[in-house]
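In my numbering, the protein residues as written are 908 to 1324. Working notes, structure below.
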């Protein structure tokens, strides 16, 4: 088996388990916090929000730092550090004596992570150009699928094996990821002895700043859209399934439907982006995703909602790999780790912001308005992408940078081939 294929298989498994580890706690947090001695429902809700959100805030802060370390010492050491660290920390959550220890461990989980950033950088730099779209497309399914399927898996493990075993089983899977990474991941990396650049120096050397910012924002909006329904999905499903005795299961399946679609579609859309251009996939996916959110506000049954969430996953599957491919092609090779770190920060902030936004809109305006606002965000983002990415990459305009001046027609051909 070729090195890039073996790396892809191992990294996919590790990223999937990492995504599960970050999100599986969501449905069981209130139960676990109650078990740790917090009985007041208001305090349970408060501590649940803090414990869930603190991980993504620390991830957003530390992802660029670990990306910088990956560029400095190599990506495999970062994979080993993150997988072993998360194995220990998540397993320790099963022994948390009180809610404050749990929150502290969730904070440490975000700090010690960085597996996804290192995986993306490793696959981007170690895969042949002609296979990059497929590889990054396949890899992108892992983190999203893990994050979206995590709550369902967490709920299933809790019902089948008990609360504490959720953490022990997740820790065990992460340890398997550590072992497989140590044994099977291969990296061709030459360590640089150059002085580590500051964030400002890194930003100054990025050739296409406007394009890079647009891609960061698009990644942020995508994760906001995917997670805006998380705080309201159970309530919405209960309204659509008044007589159902399995609301929790139906809510989990509904939320995870987009993750399943993502797994199925992302590799193929990654290949397609190599053929027709990443910018075309990004714009089309944003428009379709924005449109698909609207009918979700008018569904009459859970099954209709599941179907639309599945369609949403098909469109979202085209965004993540295309954004990563485009970032790789416009970023100097010595900066890829740090730039991907910023990309992951945007995603983690989007996860946190989406959960907050969805809850606030539902509480203020009503559940159905969550879908309208999210649709508007995606369509506004599509307009911005049209002028900042699509239009420029389909013209003979030029990007002007103090260190770089290149005809975009030439860049466009490079992106397509």
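For each residue, glycine too, the CB sits at the ideal point set by N, CA and C. Predicted model, so just to flag it, every value in this text is computed and none were measured.
- For residue 931, the number of other beta carbons within 10 angstroms of its own is at least 16, and it is reported as buried.
- Collapsing the DSSP output to three states places residue 947 in coil.
- Residue 1236 is not a Cβ neighbour of residue 1243, given a cutoff of 8 Å.
- Across the set 913, 989, 1110 and 1039, the C-alpha of 1110 shows the shortest separation from the C-alpha of residue 1241.
- When the Cα atoms are used, residue 1211 and residue 1199 turn out to be separated by approximately 12 Å.
- Taking 8 Å as the cut-off, the beta carbon of residue 1040 is found closer than this to the beta carbon of residue 1181.
- The three-state reading of DSSP puts residue 931 in coil, since its state is none of H, G, I, E or B.
- Taking the Cα of residue 1059 as reference, the smallest distance to any Cα among 1266, 1160, 1088 and 1078 is reached at 1160.
- The way I'd put it, the segment 1247–1255 does touch the segment 960–977; three or more beta-carbon pairs between them come closer than 8 Å.
- The residue among 1238, 1023, 1276 and 996 with its C-alpha nearest the C-alpha of residue 1202 is 1276.
- Under a 10 Å Cβ-count criterion, residue 955 is classified as buried, with 16 or more other Cβ atoms of the shown protein chains found around its own Cβ.
- Around the Cβ of residue 1052, a 10 Å sphere holds 16 or more other Cβ atoms; the residue is buried.
- Residue 1293 carries a helical assignment under DSSP once its states are collapsed to helix, strand and coil.
- Runs of alpha helix (DSSP H) with 4 or more residues, each lying fully within the segment 1160–1217, are found at 1185–1200, listed in chain order.
- Nearest Cα to residue 1120 within the set 935, 1300 and 1291: 1291.
- Per DSSP, reduced to three states, the secondary structure at residue 1037 is helical.
- Here the alpha carbons of residue 1274 and residue 1300 stand approximately 38 Å from one another.
- Under the Cβ criterion (8 Å, minimum of three pairs), the segment 967–981 counts as touching the segment 1011–1029.
- Considering only 924, 1113, 1126 and 1011, the residue with the shortest C-alpha distance to residue 1075 is 924.
- Assigned with DSSP and collapsed to three states, residue 955 falls in helix.
- Of 1081, 1263 and 1185, the smallest CA-CA separation from residue 995 is found for 1081.
- When the alpha-carbon of residue 1205 is set against those of 1193, 909 and 1147, the nearest one is in 1147.
- Going by beta carbons, residue 1131 and residue 1264 fall inside the 8 Å limit.
- Per DSSP, the continuous alpha helix (DSSP H) segment holding residue 1247 begins and ends at 1243–1271.
- Closest option to residue 1006, judged by alpha-carbon separation, among 978, 1246, 958 and 1297: 958.
- With 16 or more other Cβ atoms from the protein chains shown falling within 10 Å of its own Cβ, residue 983 counts as buried.
- In the structure shown, the three-state DSSP call for residue 916 is helix.
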